[in-house]
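For reference, the structure discussed in these notes is given below.
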Amino acid sequence: MDGRNGVADLFSDAVDLNGVTIMPGHLDRRAQEAMLDDLRAVAKAAPFRQYETPGGRQMSVRMTAAGARGWVTDRKGYRYAETSFDGSPWPDIPASVLTVWRQVSGVDRDPDSCLVNFYGEGARMGLHQDKDEADLHWPVVSISLGDDALFRVGGVETPTPSKSRWLKSGDVAVIGGAARLAWHGIDRIKFRSSDLLPEGGRVNVTLRMAG
Ligand SMILES: O=C(O)CCC(=O)C(=O)O
Ligand SMILES: [Fe+2]
1 MDGRNGVADL FSDAVDLNGV TIMPGHLDRR AQEAMLDDLR AVAKAAPFRQ YETPGGRQMS
61 VRMTAAGARG WVTDRKGYRY AETSFDGSPW PDIPASVLTV WRQVSGVDRD PDSCLVNFYG
121 EGARMGLHQD KDEADLHWPV VSISLGDDAL FRVGGVETPT PSKSRWLKSG DVAVIGGAAR
181 LAWHGIDRIK FRSSDLLPEG GRVNVTLRMA G
């Protein structure tokens with residue numbers, strides 16, 4: 001264990017980005033395709049939506065969720081909701097996604113929340129901290145599928161100085177340990193840099209213990 005994150009030593013080619021552990025190519029092409037199929041089923045049950053921030057801005061990323069709780073935002077604020085926008089429970093977290101959490105999270109409890117982000121051409125995600133969860137000790141596991149994305153990680157106290165790295169399809173990141181509250185975001189994607197999604201774009205999955 002490296003005292004920073006714990007999981008890094010289990011994966012020999014892990015890369016450290018300001019305390020966030022990245023496992024390049026964790027999922028091979030077949031695993032990526034299988035997970036994407038599972039996520040399309042999630043999106044069929046709970047369609048992607050463009051959420052509004054509490055400040056009234058439309059996010060460029062489209063989102064949906066799976067699990068007992070889904071992260072949502074609107075004028076009322078950022079929060080976890082136990083039902084989707086039509087009032088029904090969110091779909092279950094696909095087994096393919098849970099498998100990755102069990103492999104890399106370093107904890108022995110399954111997550112209760114899976115946020116699914118879709119980045120179309122021009123979509124980005126500003127620097128933020130993941131801090132809407134009830135207990136901030138659990139790690140966040142993030143899986144990248146599709147187009148390359150420039151991932152930026154700053155400090156825990158301040159967004160700068162930051163380091164960045166292009167995340168590729170199949171890469172997995174663990175935001176945990178001392179970096180659990182690190183500022184992070186996606187500067188931009190390279191639209192159509194991957195052929196995993198025939199329509200282009202990037203799907204990112206983040207797993208969390210929210211409740
Ligand atoms: O798309 C990504 O890689 C990051 C997503 C993220 O930070 C989030 O959903 O909180
Ligand atoms: Fe985040």
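Using the UniProt record's numbering, read the sequence shown as starting at 1 and increasing by one per residue. Where is the CB? At the ideal position from N, CA and C, for every residue including glycine. Since the model is a prediction, treat every value here as computed from it, not as a measurement.
Query                                                                                                                       : Result
Cβ neighbours of Ala-68 in the same chain (closer than 6 Å, five flanking residues each side left out)                      : Asp-112
Beta-carbon proximity of Val-153 to Gly-176, cut-off 8 Å                                                                    : no
Backbone CA spacing between Lys-131 and Leu-207 [nearest angstrom]                                                          : 13 Å
Buried/exposed call for Thr-21, threshold 16 Cβ in 10 Å                                                                     : buried
Check: Asp-132 C-beta below 7 Å from any heavy atom of ligand 2                                                             : no
Residues sharing a beta bridge with Tyr-80, DSSP                                                                            : Trp-71
Cα-Cα separation between Gln-50 and Gln-58, rounded to whole angstroms                                                      : 7 Å
Among Arg-79, Lys-76, Gln-32, nearest to Leu-197 - alpha-carbon criterion                                                   : Gln-32
Continuous alpha helix (DSSP H) assignments of at least 4 residues falling wholly in the region 113-137                     : none
Any non-hydrogen atom of ligand 2 closer than 7 Å to His-184 Cβ                                                             : yes
Cut-off 7 Å between Cβ atoms - residues of its own chain near Asp-163, not counting five sequence neighbours on either side : With the sequence shown as reference, residue 163 is identified as Lys, and Asp is not the correct amino acid for it. So the qualifying residues of the chain are Leu-17, Asn-18, Val-153.
Same chain only: Cβ atoms within 7 Å of Leu-136, ignoring 5 sequence neighbours per side                                    : Arg-180, Leu-181
Phe-11 CB to nearest heavy atom of ligand 1 below 7 Å                                                                       : no
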